Every structure is written in C-alpha cells, then in structure tokens.
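Here is the structure we will look at.
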Amino acid sequence: MNTDATIFVAGHRGLVGSAITRALLTQGYTNVICRARRELDLREQASVRAFFEQERPDYVFLAAAKVGGIQANDTYRAEFIYENLMMQTNIIDAAYRSGVKRLLFLGSSCIYPRDCPQPMREEYLLTGPLESTNEPYAVAKIAGIKMCEAYNAQHGTDFVSVMPTNLYGIGDNFDLETSHVLPALIRKAHEAKVSNAGHISVWGTGAPRREFLHVDDLADACVFVMRQSGYTEMLNIGSGTEVTIRQLVELVCDVVGYAGTIRFDTDKPDGTPRKLLDSSRINGLGWHAKIELREGIDETYRWFLENHANSLKAL
Ligand code: GDP
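Okay, here's the thing in structure tokens:
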C-alpha cells in the first residue's frame, strides 16, 4: 500500500473508523477519503455504486457498522441485522465491481458460538449456536465474512476479514443505554464520584469474562493486515488480557478515583459467559497489542473528561 494510494475508510466517524483514519494519517498516507452519512448513505446501493465508480479507491477499510452494547443489540434487533447487512453488502459488491485492490472487513468476536471452547480460534466459526442477545448483529457479520470469502473464491478479489475482541478507547460512546461496558463504567464511576453517590449499579452478576483491546491497537493491526497483500485468511485481533466484569469495575473505579460500593443488577443480562480470542494467527504474522488495559482506561478517562464530562446531558 503506497502512501499516495487512494484509501476509503467507511465509517470514519465511529470508534474504529476514526482510529484507522488517525493511524493512516500518522503513518504518512496522504490520500484518505471519507464521506459523512449525509453525503453518502451506505445503505443505498445506487449511491454506493456511484461513489465507487467516481472515486475508484485502491483500498477499503469497511468499518461502517451499526454497533452497541448488550442492551442496544438486544433491543434494536431488526436495525442491527438490516443496517449491517445493507452497508456491508453494498460496499463489498461495489468494491469488487470497481476493481478495489484490497478490502478489509471488520467483524466481531461475537460471531463465535456462545459456548465456544476458549480461547476461540478462527476455525470455530459456525460450529455451534450463537449468544441470543447479539445474534442479529453476529449473523450480519458472519454474512460479511462469508461474502468476502465467496468473492475471493469466485472473482479472485483480495478481501480479508478481521475479528476484534471487545474494544474501547477515545471516541467511544458513553450513552448508558447503548454503550458497551467499559465506557458505561467510566461514566458511572465518574458521575458517582462528582455527586458523592454511595454506590454504582453494574449490569449482570459481574462473573462474565471479557478481553479488552484499545482501539488504537486495533487500528494499527488493521493497517498491518492491509499491507499483507494476498493474505485472505480471517484473523482474530485480541490483546490476550481477560478480566471479569467485577475486576473491570474495580480497575475503572481505581483509575477514576471512586471508592463507593458496587451493586450488581442481576435483572440485566450477563450475555456470553466468556469471550477470549486466540490471536496466535496474527501474532504469528508479527503483530502484537501494545497498550496495557490500565494505561488505556486512564487515557480514555482523560479523553472523557476533556470531551464529555461537562456536557453529559447532551449525550
Ligand atoms: P457484550 O460483550 O456483547 O456482552 O457487550 P457489553 O460490553 O455491552 O457487556 C459486557 C458485559 O458487561 C455484560 O455481561 C454486561 O451485562 C456487563 N455490564 C455491566 N455493567 C454494564 C453497563 O453499564 N453497560 C453495559 N453495556 N454492560 C454492562
């Protein structure tokens, strides 16, 4: 991937797309193109085709997706399957038709079976039933992976899929209804600290285990994988750092400086009991995560303070 190649980042305003855009610019790529939602609706096939015909990008990072935490996935089930299928299908097909050199599709670790052996290896895909809270999202992502594989097989394209573990970092969504656990806990601990509240409420039992990866590590991995031209095996991208939700809350409270009580609301779902990726395939290619969980949470909290702490009601 030459530094003057035309690179389209689909979803550049999101957590992942914005991190990929930052990484590309930092690494000296000069021709990164992005489109705001009002300029290009990725769910509209004709608009997407016209955009690819006109811009003819060389490389595509497909980071556009409708995403959210456990409650958003479970509540907006139709939107999660419809919007993701539409966006990814339009982009993958238009990329093939316009002769894109290489495309990287962002999947998710929730594509693996709910009761998957841990750590989860790439070959465990489609070996068992999915976790129900995020099944519509997972089915859309599995369709994207299979579409990349099918286009490679039939049309000789160079499309690759990556499966990140649970992500967090600057630019995250801090809305308590729709966010993932880590930004939610940062906000809850911060609000409890400033209002001197005696406790914070955490969803589920605290027993589920999750692996967390800083989004800047993911972006670095995505640019690394894009450069491995001709490599089309699906790749897990994880940090190897796994904690229980209880341990995570304790860590977040420590970083934020909140010393109150933690209450577990067991009316809320736990979701998958454990979700740890086996990242030995990408590690074997020479990529490893660098950002420690505590350091990443500390940085994300500072970003939250600068960007949101004074305007929480506007979230
Ligand atoms: P998941 O990995 O797809 O289940 O997504 P989440 O990041 O939304 O949730 C991870 C785990 O954290 C689940 O067991 C949640 O029940 C738990 N959790 C605890 N408190 C919260 C919270 O305030 N928000 C969210 N989203 N999850 C929470």
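Be aware that the sequence shown starts at 370, since it is given in the numbering used here, and climbs by one per residue.
Cβ coordinates follow ideal geometry from the N, Cα and C atoms, glycine included.
Please read all numbers here as calculations on a predicted model, not as lab measurements.
Out of the options, which one is the CA nearest neighbour of residue i?
i: residue 581; options: 510, 631, 600 and 661; result: 661
i: residue 653; options: 667, 605 and 644; result: 605
i: residue 404; options: 639, 421 and 396; result: 421
i: residue 481; options: 471, 671 and 492; result: 492
i: residue 668; options: 563, 634, 540 and 550; result: 540
i: residue 639; options: 599, 500, 430 and 376; result: 500
i: residue 641; options: 385, 503, 476 and 597; result: 503
i: residue 610; options: 399, 488, 374 and 599; result: 488
i: residue 494; options: 599, 656, 603 and 670; result: 603
i: residue 607; options: 374, 490 and 415; result: 490
i: residue 373; options: 671, 398 and 599; result: 398
Between residue i and residue j, which are expected to be in contact by the criterion C-beta below 8 Å, what is the C-beta distance as a whole number of angstroms?
i: residue 525; j: residue 585; result: Rounded, the Cβ-Cβ distance is 33 Å, inconsistent with contact.
i: residue 516; j: residue 478; result: Going by Cβ atoms, the distance from residue 516 to residue 478 rounds to 19 Å, so no, they are not a contact pair.
i: residue 527; j: residue 601; result: 6 Å
i: residue 498; j: residue 469; result: Actually they do not touch by this definition, with Cβ atoms about 34 Å apart.
i: residue 571; j: residue 632; result: 7 Å
i: residue 513; j: residue 457; result: 4 Å
i: residue 435; j: residue 535; result: The pair is not a contact, with the Cβ atoms about 17 Å apart (cut-off 8 Å).
i: residue 553; j: residue 438; result: 7 Å
i: residue 432; j: residue 376; result: With a Cβ gap of about 12 Å, residue 432 and residue 376 do not count as contacting.
i: residue 545; j: residue 617; result: Contact flag wrong, Cβ pair sits at about 16 Å.
i: residue 673; j: residue 543; result: 6 Å
i: residue 629; j: residue 678; result: Between residue 678 and residue 629 the Cβ distance is about 18 Å, and since that is not below 8 Å, they are no contact.
i: residue 596; j: residue 370; result: 5 Å
In the DSSP output, what is residue i paired with across the bridge?
i: residue 481; result: Residue 481 pairs with nothing; no bridge assigned.
i: residue 533; result: 606
i: residue 633; result: 571
i: residue 428; result: 376 and 471
i: residue 489; result: 646
i: residue 611; result: 580
i: residue 593; result: DSSP lists no partner for residue 593.
i: residue 528; result: 472
i: residue 402; result: 377
If the criterion is Cβ atoms closer than 8 Å, does the pair residue i and residue j meet it?
i: residue 454; j: residue 529; result: no
i: residue 620; j: residue 555; result: no
i: residue 396; j: residue 594; result: no
i: residue 409; j: residue 401; result: no
i: residue 635; j: residue 547; result: no
i: residue 446; j: residue 505; result: yes
i: residue 612; j: residue 579; result: yes
i: residue 459; j: residue 449; result: no
i: residue 418; j: residue 464; result: no
i: residue 658; j: residue 392; result: no
i: residue 569; j: residue 576; result: no
i: residue 428; j: residue 471; result: yes
i: residue 590; j: residue 511; result: no
i: residue 452; j: residue 412; result: yes
i: residue 378; j: residue 475; result: no
Could you give the first and the last residue of the continuous alpha helix (DSSP H) run that contains residue i?
i: residue 446; result: 446-466
i: residue 351; result: Absent from the structure is residue 351, since the part of the chain shown begins at 370 and ends at 684.
i: residue 499; result: No alpha helix (DSSP H) holds residue 499; DSSP gives it neither H nor E.
i: residue 676; result: 662-676
i: residue 550; result: 550-563
i: residue 386; result: 384-395
How is the beta strand (DSSP E) around residue i delimited, first residue to last?
i: residue 578; result: 578-583
i: residue 618; result: Counting along the chain, residue 618 falls outside any beta strand (DSSP E), though it belongs to the alpha helix (DSSP H) covering 614-625.
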